[in-house]
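In the numbering used here, the protein residues as written are 486 to 1082.
If you want it as structure tokens, here you go:
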């Protein structure tokens, strides 16, 4: 037997093994899908009224302005026909190549064959032209109000993205090449990855974004030294060890969001905001929220404010001996901090000297892309699910936010994992993004109904701990940082919310980039700049037009603002005191504990 025959035989044997393995994995896949948990249909997609309204508006256009519809259709079919003619003309010349291509660039179609091969280029051009025609048709609908238009546009884009040719094996040159090169091994590994993900999430599909074995909290993430100095059923309070001989008198307390873990602010030493704050000479405390299970079903917003915010504030005061502290709230924790500040103002409590809000919405009149998930159908589904299980499972929140960037957080990773057979990358940010927490059922519904849907804090008043409060009640000196391309807390409504605060001293900083990268933006990277403008009476567009652009991170600017609110220097404080001895090393136990569901 020749060498070539041996090689061919080995390849054939490997292919047969892979086919056999595919059969085995297919059986596992069927079994995993059979164990799929029952979930309220409202949490899987929009209600039928979205499609009904879109169809009704379209037929209304047909009846009242048929010329516009015909013109749109004629333009689309004209382009498609011209493309077909170009393809035929190119092929008839005897050249196996693609015709001229004037479609816009798209990173999904990076493989050279999308440009050069007549089959793949034909598919790509048809897809992009059809996607553009659908976008144009939705944009031209006139019989829709703004909220319905936003929902129709959003879910239309979801359908368009889902049917991209890159998402299917037969029309993905990268995946086909890999399958041939590996004698089908990439498809076997891809199916293995798919089965693993479905088995891990009770029959639901949630793509693993990062290699779960690459990171461990407390070892290569969240490594800034400190101690847990207090613990109750809702949070652990971490006090970080000083790195300077003296510190500012006024301590700082950070409230991170409770949807994900706090260590987004302490990923690695070089980009850790927590370590940077400590190095600037501040006594820093951070709340680490519990990952609740069904026993927390009746824990509401009142509990999170009283047992969470107010208790943490009191404990920082007790440990440091200071009558006032400064506080930071990030995202939804910033919204709740704002509510807490208004409550404290009503009660005459001056414990907070100055407050900072990171990417925080307090005015939900225009919540941006997230608004498509705030209609009654979706929130009703959440309420029913919370009533059944006692919690809002982290799965639903993770999936919802992933769909806001579906190509980057769903389809792209799915293609690489399931069609290319690649191992998820060792990417710390994606690891954190997947490390979500559950929410107590009562609290989740109260937050979504009262603050998001009904926008009561910015309008008629939100009831908390027996008081009705609004943003105008907040009098605390305030600094707010928003991010220019934030898709979760858009900067314009964030700015409008700050305008409604009753504080006489207000600072607004707009960072470049998005919800995470705009905040976790250390000065050493010299990457994203920021905008400043002291005139907060302007509307958002005018504020930005008149703003000064500043190179580099906003951290030093905020550090200077915070230092002015933090008093003189005193000897550095070690974590805890006699009444609050250290309970555990940072990052604590809550951040690594898995909920029992």
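Note that the Cβ used here is the ideal one computed from N, Cα and C, for glycine as well.
Put residue 668 into one of helix, strand or coil per three-state DSSP. DSSP places residue 668 in coil when its eight states are reduced to three.
Determine the contact status of residue 1015 and residue 994, defining contact as a CB-CB distance below 8 Å. In this structure, residue 994 lies closer than 8 Å to residue 1015 by Cβ.
If we call anything under 8 Å between Cβ atoms a contact, is residue 777 one with residue 771? Against a cut-off of 8 Å, the Cβ pair of residue 771 and residue 777 comes out as no contact.
Length of the line joining the Cα atoms of residue 1031 and residue 510: Each residue's CA atom was taken as its position, placing residue 1031 and residue 510 some 60 Å apart.
Is it true that the CB of residue 950 sits closer than 8 Å to the CB of residue 1000? Cβ distance not < 8 Å, so residue 1000 and residue 950 don't count as in contact.
Determine the closest residue to residue 525 out of 881, 1052, 988 and 956, with distance taken between C-alpha atoms. Nearest option by C-alpha distance: 881.
Curious, which full-length alpha helix (DSSP H) runs of at least 4 residues does the segment 730 to 772 contain? Along the length of the segment 730 to 772, whole alpha helix (DSSP H) runs at least 4 residues long occupy 758 to 764, reported in chain order.
Quick one: grab the DSSP three-state call for residue 1054. The answer is strand: DSSP assigns residue 1054 an E or B state.
Which whole-angstrom value describes the C-beta separation of residue 830 and residue 811, a residue pair presumed to lie in contact below a C-beta threshold of 8 Å? 16 Å between Cβ atoms; not a contact.
Integer-rounded CB distance, given that residue 990 should sit under 8 Å from residue 733: Cβ atoms of residue 733 and residue 990 stay farther apart than 8 Å, at about 18 Å.
Host alpha helix (DSSP H) of residue 927 (start-end): Segment 926 to 931, the alpha helix (DSSP H) holding residue 927.
I'd like to check one pair, residue 715 with residue 800: are the Cβ atoms closer than 8 Å? With contacts defined by Cβ atoms closer than 8 Å, residue 800 and residue 715 form a contacting pair.
Confirm, please, whether the CB-CB distance from residue 817 to residue 738 is below 8 Å. Cβ distance not < 8 Å, so residue 738 and residue 817 don't count as in contact.
Pull up the distance between the alpha-carbon of residue 901 and that of residue 893, whole angstroms please. When rounded, the distance between both Cα atoms is 11 Å.
Just to confirm, is the Cβ distance from residue 879 to residue 918 under 8 Å? The answer is no: Cβ separation not under 8 Å.
Would you list the one or two residues that DSSP bridges to residue 968? For residue 968, which the question treats as bridged, DSSP gives the partners 996.
Segment contact, 8 Å Cβ cut-off, at least three pairs: the segment 854 to 871 with the segment 761 to 769: No contact exists between the segment 854 to 871 and the segment 761 to 769.
Quick one: give me the first and last residue of the beta strand (DSSP E) that residue 813 is part of. Residues 810 to 815.
Specify, as a first and last residue, the run of the alpha helix (DSSP H) that residue 690 falls within. The continuous stretches of alpha helix (DSSP H) do not include residue 690, and DSSP gives it neither H nor E.
Using three-state DSSP, classify residue 723 as helix, strand or coil. If DSSP states are grouped into helix, strand and coil, residue 723 belongs with the strands.
Neighbour-count burial assignment, residue 594, 16 or more Cβ in a 10 Å radius: Within 10 angstroms of the beta-carbon of residue 594 lie 16 or more other beta-carbons, which makes it buried.
Taking the DSSP output, what are the residues bridged to residue 774? Bridge pairing for residue 774: 720 [DSSP].
Near residue 1004, which residues of its chain fall below 6 Å by C-beta distance, leaving aside the five closest residues on each side in sequence? Counting only Cβ-Cβ distances below 6 Å, and skipping sequence neighbours, we find 843.
Limits of the unbroken beta strand (DSSP E) element including residue 954: Segment 952 to 954, the beta strand (DSSP E) holding residue 954.
Among the candidates 804, 1037, 966 and 731, whose CA atom is the shortest distance from the CA of residue 1012? Of the candidates 804, 1037, 966 and 731, the residue whose Cα lies closest to the Cα of residue 1012 is 1037.
The segment 571 to 585 touching the segment 599 to 612, judged by at least three CB pairs closer than 8 Å: Cβ pair count under 8 Å is three or more, so yes.
Which whole runs of the alpha helix (DSSP H) in the segment 790 to 854 are 4 residues long or more, in chain order? Runs found: 796 to 805 and 817 to 832.
Cα-Cα separation, residue 540 to residue 677: Linking residue 540 to residue 677 through their CA atoms gives a straight-line distance of about 40 Å.
Helix, strand or coil: which one does DSSP assign to residue 980? In this structure, residue 980 counts as helix in the three-state DSSP scheme.
Looking only at its own chain, which residues have a Cβ that is under 6 Å from the Cβ of residue 648, when we skip the five neighbours before and after it? Within its own chain, no residue has a Cβ closer than 6 Å to the Cβ of residue 648 once the five positions on either side in sequence are excluded.
Under 8 Å between the Cβ atoms of residue 970 and residue 988? No. Outside cutoff.
Out of curiosity, what's the CA-to-CA distance linking residue 1074 and residue 850? The straight-line gap from Cα to Cα measures roughly 38 Å.
How should residue 743 be labelled, buried or exposed, when 16 other C-beta atoms within 10 angstroms of its C-beta is the threshold for buried? The C-beta of residue 743 has 16 or more other C-beta atoms within 10 Å across all chains shown, which makes the residue buried.
Compute the beta-carbon to beta-carbon distance between residue 640 and residue 535, rounded to the nearest angstrom, for a pair I have assumed lies under 8 Å. Beta-carbon to beta-carbon, residue 640 and residue 535 are separated by about 6 Å, close enough to satisfy the 8 Å threshold.
Going by DSSP, which residues form a beta bridge with residue 550? Per DSSP, none; premise fails for residue 550.
Just to confirm my understanding: we take residue 899, look at its own chain, exclude 5 residues before and 5 after, and list those with CB closer than 7 Å. What are they? So the list reads 692, once near-sequence residues are dropped.
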